[in-house]
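>
In full-length UniProt numbering, the protein residues as written are 1 to 474.
#1: Given residue 185, which residues of its chain have a CB within under 6 Å of its CB, disregarding the five upstream and five downstream residues?
#2: When you compare each of 365, 406, 420, 418 to residue 393 by their alpha carbons, which one comes out closest?
#3: Under three-state DSSP, which class holds residue 445?
#4: Count Cβ pairs between the stretch 226-244 and the stretch 155-167 that sit closer than 8 Å; are there 3 or more?
#5: Does residue 275 come out as helix, strand or coil in the three-state DSSP assignment?
#6: Beta carbon of residue 203, beta carbon of residue 213: below 8 Å?
#7: Kindly give me the distance between the Cβ atoms of residue 84 and residue 109, rounded to whole angstroms, as I take these residues to be in contact under 8 Å.
#8: Please name the residue in 49, 272, 178 whose C-alpha comes closest to that of residue 491.
#9: Examine the Cβ distances between the stretch 125-141 and the stretch 69-81 and report whether three or more of them are shorter than 8 Å.
#10: Beta-carbon within less than 7 Å of residue 53's beta-carbon, same chain only, minus the 5 sequence neighbours each way: which residues are those?
#11: Buried or exposed, going by whether 16 or more other CB atoms sit within 10 Å of the CB of residue 23?
#12: For residue 62, which of 97, 138, 124, 123 has the nearest alpha-carbon?
#13: Could you check if residue 424 is buried or exposed, using at least 16 other CB atoms within 10 Å of its CB as the buried criterion?
#14: Compute the beta-carbon to beta-carbon distance between residue 407 and residue 441, rounded to the nearest angstrom, for a pair I have assumed lies under 8 Å.
#15: Measuring alpha carbon to alpha carbon, tell me which of 348, 221, 163 ends up nearest residue 269.
#16: Assess contact between the stretch 39-52 and the stretch 90-99, defined as three or more Cβ pairs (one per stretch) separated by less than 8 Å. Is contact present?
#17: Do residue 309 and residue 335 count as a contact pair if the criterion is CB distance below 8 Å?
#18: Have a look at residue 227 and residue 452 and give me their C-alpha separation to the nearest angstrom.
#19: If we ignore side chains and look at the alpha-carbon of each, how far apart do residue 412 and residue 397 end up?
#20: What would DSSP say about residue 122, mapped onto helix, strand or coil?
#21: Helix, strand or coil: which one does DSSP assign to residue 182?
#22: Along the chain, which unbroken stretches of the beta strand (DSSP E) at least 3 residues long are found entirely within the UniProt domain "Copper amine oxidase-like N-terminal" (369-470)?
#23: Would you give the residue range spanned by the beta strand (DSSP E) that residue 134 belongs to?
#24: Can you round the beta-carbon distance between residue 468 and residue 360 to whole angstroms, since I take them to be within the 8 Å contact cut?
#25: Between which two residues does the alpha helix (DSSP H) holding residue 299 run?
#26: So, helix, strand or coil for residue 472, using DSSP?
#27: Which residue from 405, 273, 318 puts its Cα closest to that of residue 344?
#28: Compute the distance between the beta-carbons of residue 257 and residue 216, then report whether it is under 8 Å.
#29: Figure out for me which residue from 311, 167, 221 has the closest Cα to the Cα of residue 175.
#30: Do residue 229 and residue 201 have their C-beta atoms within less than 8 Å of each other?
#31: When the Cβ atoms of the stretch 310-327 are set against those of the stretch 260-269, are three or more pairs found closer than 8 Å?
#32: Measuring straight from C-alpha to C-alpha, what distance separates residue 418 and residue 400?
#33: What are the start and end residues of the beta strand (DSSP E) that includes residue 365?
#34: According to the neighbour-count rule (16 or more other Cβ atoms, all chains shown, within 10 Å of its Cβ), is residue 148 buried or exposed?
#35: Just grab the DSSP bridge partners of residue 242 for me.
#36: Rounded to whole angstroms, what's the CA-CA distance from residue 340 to residue 357? Just pull it up for me.
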């Protein structure tokens with residue numbers, strides 16, 4: 001009996017040990033396999049020394065993990081740079097990648113030069129080093145100028161301080177974010193006003209004034225943009241700053257500021273998708289878009305969405321840190337509680353506008369089989385299914401003729417001929433007319449309204465919470 005108890009006790013201990021080991025392995029694997037959803041954050045300080053025909057720049061990135069190796073990237077215009085520690089020694093590198101270095105004392109220090117070929121006013125947009133795997137939450141730029149004191153410096157972050165000393169001029173700019181342009185003006189600039197979180201600079205005798213930019217009050221996070229009025233440099237947008245003509249009308253100035261605000265949320269947006277920024281600007285301001293497709297997109301949104309829903313969409317875009325077609329789709333989907341690919345399908349300016357529709361999340365079951373490749377579209381309070389795929393699943397042989405306008409359906413004794421652009425069809429060679437065209441082309445695919453299937457084909461439609469069932473009687 002004692003032997004049995006000993007064996008049973010040993011078995012319990014062994015099971016507990018094995019179970020503990022399995023749990024430990026699962027826990028370790030789960031921790032390892034779980035992706036780090038929140039990017040590592042840090043702050044940076046750049047010191048820019050203006051000497052002769054070049055800028056000597058020291059970029060210190062703080063708040064990193066000591067001993068961790070970080071990838072570093074620079075614009076193509078800055079091929080030569082170095083990574084140093086606080087003692088001036090070259091940073092250590094663990095692997096063979098020449099552009100990755102180890103942080104020491106929670107920081108990485110980058111040094112580089114920018115040659116200045118331009119003697120007059122210039123603008124630098126891409127001039128900083130980056131750590132692709134780190135999110136920079138705050139940037140400070142200090143400019144020490146001994147070579148260009150006859151002019152003025154402006155950065156894509158708010159001006160925090162300026163001191164004119166005996167041998168140098170000293171500027172401090174600081175704000176949230178990781179990227180800001182650097183602008184030097186060959187003549188003195190004066191800050192003429194602060195308004196709605198914006199800083200306005202001008203040269204010469206431009207009077208200080210207020211700009212009635214009422215729409216900007218709706219954007220609580222627009223702070224940090226510097227507007228420079230001048231005739232001596234082309235009108236342009238930078239990161240956190242813009243250059244404008246001194247005689248610009250307030251309405252156009254407002255549009256440029258809003259456009260620049262949205263553009264900074266989409267730094268990686270391809271050129272063919274930049275028209276979306278103009279469309280968002282027009283939607284926010286209630287103005288015509290400068291792009292024909294932009295006006296079509298706005299009209300389509302106003303047709304489908306209620307006024308309050310459109311306003312909620314714009315407010316949601318303002319709250320987002322970044323803009324992509326996919327994010328814009330998610331914002332509309334959240335408001336309507338339905339999925340859509342409206343912006344993704346329409347992201348290229350040169351393509352025809354695809355209408356705003358939503359996807360029914362329910363599974364489609366045809367003749368008792370789940371159709372993984374068939375989705376139900378929701379448009380204009382109607383349900384639509386792809387015509388060819390649906391009729392094929394129902395047992396028809398479907399054929400599109402060479403004219404791309406005629407579709408033939410054959411199911412033994414039942415023959416149909418449909419015309420994509422007409423309200424008539426042939427059934428066993430007899431003509432039939434309809435009050436509406438049963439077919440609709442969306443993004444190159446022919447769809448039919450679900451409600452017409454029983455009328456045209458005697459189909460059975462059954463809808464449940466999770467499924468839409470379509471069938472024909474045997």
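We put the CB at the ideal spot given by N, CA and C, even for glycine. In this text the structure is predicted, and so the values were computed from the model without any measurement.
With the given structure in hand:
#1: Taking the chain shown and counting its residues from 1, one reaches residue 185 at position 185. Once the five neighbours on either side are set aside, the close Cβ partners of residue 185 are 121, 151, 152.
#2: Locating residue 393 in the chain shown gives position 393, where the first residue counts as 1. The shortest C-alpha separation from residue 393 is found at 365.
#3: Taking the chain shown and counting its residues from 1, the one referred to as residue 445 is at position 445. It is a strand residue.
#4: yes
#5: The count along the chain shown starts at 1 and reaches residue 275 at position 275. Residue 275 falls in the helix class under three-state DSSP.
#6: Looking up residue 203 in the chain shown gives position 203. Looking up residue 213 in the chain shown gives position 213. For residue 203 and residue 213, no; Cβs fall outside 8 Å.
#7: For the purposes of this step, residue 84 is taken as residue 84 along the chain shown, with counting starting at 1. For the purposes of this step, residue 109 is taken as residue 109 along the chain shown, with counting starting at 1. 5 Å between Cβ atoms; contact.
#8: A query on residue 491 cannot be resolved here, the shown segment of the chain reaching from 1 to 474 and no further.
#9: yes
#10: In the chain shown, counting from the first residue as 1, residue 53 sits at position 53. Taking C-beta separations shorter than 7 Å and ignoring five residues to either side along the sequence, the partners of residue 53 in its chain run 115, 116, following chain order.
#11: As a working note, residue 23 is residue 23 in the chain shown. Residue placement at residue 23 is poorly supported in this model, since its pLDDT is 44, which falls under 50; the coordinates are not used for a value here.
#12: The residue you call residue 62 lines up with position 62 of the chain shown. Residue 62 has its Cα closest to that of 138, out of 97, 138, 124, 123.
#13: Translated into the one-based positions of the chain shown, residue 424 becomes position 424. It counts as exposed.
#14: Indexing the chain shown from 1 puts residue 407 at position 407. Indexing the chain shown from 1 puts residue 441 at position 441. At roughly 11 Å, the Cβ-Cβ gap does not stay under 8 Å, so residue 407 and residue 441 are not in contact.
#15: Here residue 269 refers to the residue found at position 269 of the chain shown. Measuring from the Cα of residue 269, the nearest candidate turns out to be 348.
#16: No, the stretch 39-52 is not in contact with the stretch 90-99.
#17: The residue you call residue 335 lines up with position 335 of the chain shown. The residue you call residue 309 lines up with position 309 of the chain shown. Yes, these two residues count as a Cβ contact at 8 Å.
#18: Walking along the chain shown from the start, residue 227 turns up at place 227. Walking along the chain shown from the start, residue 452 turns up at place 452. If I take the Cα positions, the gap works out to 58 Å.
#19: Numbered from its first residue, the chain shown carries residue 412 at position 412. Numbered from its first residue, the chain shown carries residue 397 at position 397. Cα to Cα, the separation comes out at about 9 Å.
#20: Residue mapping note: residue 122 aligns to position 122 of the chain shown, counting from 1. If DSSP states are grouped into helix, strand and coil, residue 122 belongs with the strands.
#21: Along the chain shown, read from residue 1 onward, the residue named residue 182 stands at position 182. Reduced to three states, the DSSP call for residue 182 is strand.
#22: Runs found: 376-379, 382-386, 397-400, 406-411, 414-419, 424-427, 430-433, 439-442, 445-449, 460-463.
#23: Within the chain shown, the letter at position 134 stands for residue 134. From DSSP, the beta strand (DSSP E) with residue 134 extends over 134-145.
#24: Here residue 468 is taken as the residue at index 468 of the chain shown, counted from 1. Here residue 360 is taken as the residue at index 360 of the chain shown, counted from 1. Yes, residue 468 and residue 360 are in contact; Cβ-Cβ is about 7 Å, under 8 Å.
#25: Within the chain shown, numbered from 1, the residue matching residue 299 stands at position 299. Start and end: 292-304.
#26: In the chain shown, the residue the question calls residue 472 occupies position 472. Residue 472: coil per DSSP, three-state reduction.
#27: As a position in the chain shown, residue 344 is number 344, starting the count at 1. Measuring from the Cα of residue 344, the nearest candidate turns out to be 273.
#28: As a first step, residue 257 must be located in the chain shown, where it is residue number 257. As a first step, residue 216 must be located in the chain shown, where it is residue number 216. Yes, they are a contact pair.
#29: Numbered from its first residue, the chain shown carries residue 175 at position 175. Nearest of 311, 167, 221 to residue 175, Cα basis: 221.
#30: For the purposes of this step, residue 229 is taken as the residue at position 229 of the chain shown. For the purposes of this step, residue 201 is taken as the residue at position 201 of the chain shown. Their beta carbons are under 8 Å apart, which means residue 229 touches residue 201 by this criterion.
#31: In short, these stretches touch, since the Cβ pair count reaches three.
#32: Counting from 1 along the chain shown, the entry for residue 418 is found at position 418. Counting from 1 along the chain shown, the entry for residue 400 is found at position 400. Taking the straight line from one Cα to the other gives about 10 Å.
#33: Numbered from 1 along the chain shown, position 365 holds the residue referred to as residue 365. Its beta strand (DSSP E) spans residues 363-366.
#34: One-based indexing of the chain shown puts residue 148 at position 148. Buried, by the Cβ-count rule.
#35: Here residue 242 is taken as the residue at index 242 of the chain shown, counted from 1. Its beta-bridge partners are 227, 237.
#36: As a working note, residue 340 is residue 340 in the chain shown. As a working note, residue 357 is residue 357 in the chain shown. Taking the straight line joining both Cα atoms gives about 6 Å.
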